[in-house]
Amino acid sequence: MKKILSFLAASLLLLNLFVITGCEDEPTTPDVKDPPVLSIGSSSDVVEGGTITVAPSTSVAVQLIGTAGTDGLKSISFKENGTDMDLDRLDVAGLTIGSATHLLEGTSDENGFTWDMTVTASDTPGTYDYSVTLTDAGGLSSSTNFTIVVENPTTPLDATLMGVLFNQAGPAGRGAIDLQTGNTTGISTADPTTGTTPDMAELRDMGIDPTIDPAVEENWRMQVTSVNGTEVRILIDPSTENFDFDLVDNKEAIAAEWAAANILPNQEMINGVSHDVSDPVVAGDIFLVRDADGNIFLIRVDSVDPVFGSNEDSYTLSIKY
Numbered sequence: 079m080k081k082i083l084s085f086l087a088a089s090l091l092l093l094n095l096f097v098i099t100g101c102e103d104e105p106t107t108p109d110v111k112d113p114p115v116l117s118i119g120s121s122s123d124v125v126e127g128g129t130i131t132v133a134p135s136t137s138v139a140v141q142l143i144g145t146a147g148t149d150g151l152k153s154i155s156f157k158e159n160g161t162d163m164d165l166d167r168l169d170v171a172g173l174t175i176g177s178a179t180h181l182l183e184g185t186s187d188e189n190g191f192t193w194d195m196t197v198t199a200s201d202t203p204g205t206y207d208y209s210v211t212l213t214d215a216g217g218l219s220s221s222t223n224f225t226i227v228v229e230n231p232t233t234p235l236d237a238t239l240m241g242v243l244f245n246q247a248g249p250a251g252r253g254a255i256d257l258q259t260g261n262t263t264g265i266s267t268a269d270p271t272t273g274t275t276p277d278m279a280e281l282r283d284m285g286i287d288p289t290i291d292p293a294v295e296e297n298w299r300m301q302v303t304s305v306n307g308t309e310v311r312i313l314i315d316p317s318t319e320n321f322d323f324d325l326v327d328n329k330e331a332i333a334a335e336w337a338a339a340n341i342l343p344n345q346e347m348i349n350g351v352s353h354d355v356s357d358p359v360v361a362g363d364i365f366l367v368r369d370a371d372g373n374i375f376l377i378r379v380d381s382v383d384p385v386f387g388s389n390e391d392s393y394t395l396s397i398k399y
């Protein structure tokens, strides 16, 4: 009898637990809202996450496309380098933007929009990061970004060429060089092959040291100086840390190195006129020459080639201007 009563009691307990468990409310899944979407349209000068390089104060077209999610759009904000954008350089066709955070709620754009926007680049060279954030009434947001690099315009080089400057004590028609053509010429006589005349030269060699016996040692001085009113400098400390002659591709870059270059360290009288004269030239030296018209030539010495027992010595030069 006791076993029967115990069985009945256990059955009632299980039934009670089943009833209680079965009556509990089913868990509910919260509503998942779709966020807004902001993108850059095809009628733009920039792309999402991209970079464009322009001159100061250039107008940059940016087409913005905003799409509402579950909730209506509330606002859109514009940042430049992390701070509110200068509204004087922001124009949205057909709209008056009175704040860097522009309200959309209650306007015709709260359900979505396509804006043709113009950003006027800064007038100061530098890198400017832009971010635009679209926020809806539920607090969800979407952002897009792009970068505008502002650089001063540059002037292409007129020429990149090679030339050879010979020992001034060599044959007639040698000892100076026309840097605009790379042609050799003499100090007082024209080159017999090209007809290049002395008045066309911008750089000259200093010839030999007459106190040295060429049968004993090299008497070529391996020094250069100005001619026809030019000014010659040597580049010791470039204006940029990673200066590379091969990468110079505009006149402004050459002008910057001219400003950074040093006056030649020695002075000598030539025909009664004082001239700045270089130390003995070695391969890798960088010289700059400015002529009477203001043209500046950037010169790299690629090799210095003495010919013992002869005045056929020469420098091989790379020239940019």
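Numbering of the sequence shown is given in our numbering, commencing with residue 79 and proceeding in unit increments. Beta carbons: idealized from backbone N, C-alpha and C, even for Gly.
Residue j beta carbon less than 8 Å from that of residue i
i           : j           : result
residue 391 : residue 261 : no
residue 313 : residue 335 : yes
residue 220 : residue 316 : no
residue 281 : residue 326 : no
residue 129 : residue 227 : yes
residue 241 : residue 342 : no
residue 250 : residue 267 : yes
residue 387 : residue 292 : yes
residue 382 : residue 351 : no
Residue i (DSSP reduced to helix, strand or coil)
i           : result
residue 330 : helix
residue 284 : coil
residue 158 : strand
residue 389 : coil
residue 338 : helix
residue 313 : coil
residue 151 : strand
residue 323 : helix
residue 366 : strand
residue 165 : helix
residue 398 : strand
residue 125 : coil
Residue i to residue j span [Cα, whole Å]
i           : j           : result
residue 188 : residue 213 : 10 Å
residue 186 : residue 209 : 23 Å
residue 142 : residue 199 : 17 Å
residue 393 : residue 203 : 39 Å
residue 110 : residue 218 : 11 Å
residue 258 : residue 362 : 21 Å
residue 301 : residue 367 : 15 Å
residue 159 : residue 173 : 24 Å
residue 161 : residue 225 : 14 Å
residue 163 : residue 145 : 23 Å
residue 277 : residue 243 : 15 Å
residue 90  : residue 148 : Summary for residue 90: the model assigns pLDDT 44, below 50, so the residue's position carries little reliability, and this model does not support an answer.
residue 122 : residue 138 : 8 Å
residue 223 : residue 207 : 7 Å
residue 357 : residue 273 : 30 Å
residue 380 : residue 131 : 34 Å
residue 70  : residue 364 : Nothing can be reported for residue 70, as the shown portion of the chain is limited to 79 through 399.
residue 184 : residue 191 : 13 Å
residue 253 : residue 374 : 20 Å
residue 211 : residue 322 : 41 Å
residue 279 : residue 399 : 15 Å
Beta-carbon proximity list for residue i, same chain, < 6 Å, skipping 5 on both sides
i           : result
residue 231 : 133
residue 169 : 196
residue 377 : 365, 395 and 397
residue 332 : 374 and 376
Any non-hydrogen atom of the ligand GDP within 7 Å of residue i CB
i           : result
residue 201 : Although the ligand GDP was asked about, the structure shown includes no ligands whatsoever.
Cβ-based neighbour list, residue i, same chain, cut-off 8 Å, excluding 5 preceding and 5 following
i           : result
residue 337 : 317
residue 176 : 165
residue 234 : 327, 328 and 329
residue 125 : 118 and 224
Own chain partners of residue i with C-beta closer than 7 Å, once the 5 adjacent residues on each side are dropped
i           : result
residue 284 : 246, 299, 301, 302, 303 and 355
residue 182 : 151, 152, 153, 154 and 188
residue 307 : 370
residue 135 : 198, 199 and 201
residue 296 : 384 and 386
residue 180 : 153 and 154
At 3 residues or longer, what runs of the beta strand (DSSP E) sit wholly inside the segment 225-310? 238-244, 253-256, 261-264, 281-283 and 302-304
Threshold first: 4 residues or longer. Then list the alpha helix (DSSP H) segments lying entirely within the segment 166-215, N to C. none
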